[in-house]
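My numbering puts the first residue of the sequence shown at 1119, with every later residue one more than the last.
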Amino acid sequence: MASRVKEAFRQQGTVCTAMGSAFTGALCSTFADNLDTNTTVGAHCLGWTGDPGPSADSIPLRLCGGFHALVLSGADRELADHYPPHRSGVPDWSLLHAILIRHEDFLLRWMESPPQTNEVSRSAVIWPALMTLVDRVGMPLKLLEIGASGGLNLQADQFGYNLGGVICGQPESQLQLSPQWQGAAPVTSNPKVVARNACDLNPINPLDPDQALRLRTYLWPDQPERMQRLNAALAIAAASPAPVDQADAVAWLESQLSHLDNGLCTVIYSTVAWQYLPGSAQKAGESIILETARKQAGKEAPLAWIRFEADGESPGGGIRLQLWPDGLDCVLGRADFHARWVDWRGL
């Protein structure tokens, strides 16, 4: 198992570096090279009984997140002095080893929960998909998000966007998203969201300072622009928090789709969340959606499903839109998993 865990750190390091965080990439590599069972935290990581990989239990991001929490909370000033923006290089192993011992209890508790980033830049993927949908159906929307974490992306209609020169959303919003845009220009309809709800197994309350800190810790320390976006989204959420139910996705979907409202287009969506559901849950959830589409979706009560998820292709993830009763099923484009770039096809 120890070799699998170390390989997970190396894989995560490669991913982080490729996604613009040389610091977190190097930190993961340092743990892969040096982590051993001489500390309780090291033994806990290396003896992990589940899948430690980036697409499963994410042991590397759990540990890196715990270290970042010590920095952001001010719990360890020595460590903070060796983190961005003070330094760009990774602390020496001697300091990291000392931290594993010094904050053993904290790090063990921290690693009990999986990472949650609630990457708000992904709204720059969802918003053009919603504009495309509204251009097609011409009615208000009811949003249902799977795996919403703190529900920040449920507020996509409260953000401003520059999508390859197309200015849309809320131009006065304190959160403006401008991914590198490639391909076709998006349609410029004006989605009206009249209802929204979401679920997560472990929802985060963005109004709770300790839980908001947890969201911040999973942002990579050498990417301050992500922190700025998150802080802006948290401020928007403070003024109008979105509801997130603590619930299993399958049971929640069954409840939410028991009835479709006339005059609204019901939109199920997820951003890099559906892929983490167990295979059996994905099949059950899809069956519920397809059954609802077959029995209930109609011209006055359409049902849409938008997924921004890994799809076995690269680069990034696919942006898929399905709509009933139209029978539409298309890939609208692809995007980087942090939505740094969007390659748009449209319909």
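Heads up, the beta-carbon is just placed ideally off N, CA and C, and yes, glycines get one too.
C-alpha of Gly1160 to C-alpha of Pro1202: approximately 24 angstroms in a straight line. Look at Glu1237 here: in three-state DSSP terms it is coil, with no helix or strand label. Around the CB of Leu1439, 16 or more other CB atoms lie within 10 Å, so the residue is classed as buried. For the 7 angstroms CB-CB criterion, Glu1263 and Tyr1387 form a contact. The secondary-structure analysis by DSSP pairs Gln1294 across a beta bridge with Gly1278.
For Gln1346, the closest alpha carbon among the candidates Gly1434, Ser1239, Ser1307 is that of Ser1239. For Asp1340, no pairing in a beta bridge is given by DSSP. Unbroken alpha helix (DSSP H) stretches of 4 residues or longer found wholly inside the region 1137-1162: 1140-1152, given in chain order.
Minimum Cα-Cα distance from Ala1351 among the listed residues Arg1334, Ala1367, Asp1363 corresponds to Arg1334. The beta carbons of Val1255 and Cys1383 sit closer together than 7 angstroms.
Membership of Phe1455 in any alpha helix (DSSP H) is not indicated, and neither H nor E is assigned to it by DSSP.
Rounded to whole angstroms, the gap between the alpha carbons of Tyr1336 and Lys1417 is 42 angstroms.
Within the DSSP secondary-structure output, Asn1315 pairs in a beta bridge with Leu1262. Minimum Cα-Cα distance from Arg1425 among the listed residues Leu1188, Thr1235, Gly1265, Leu1197 corresponds to Gly1265.
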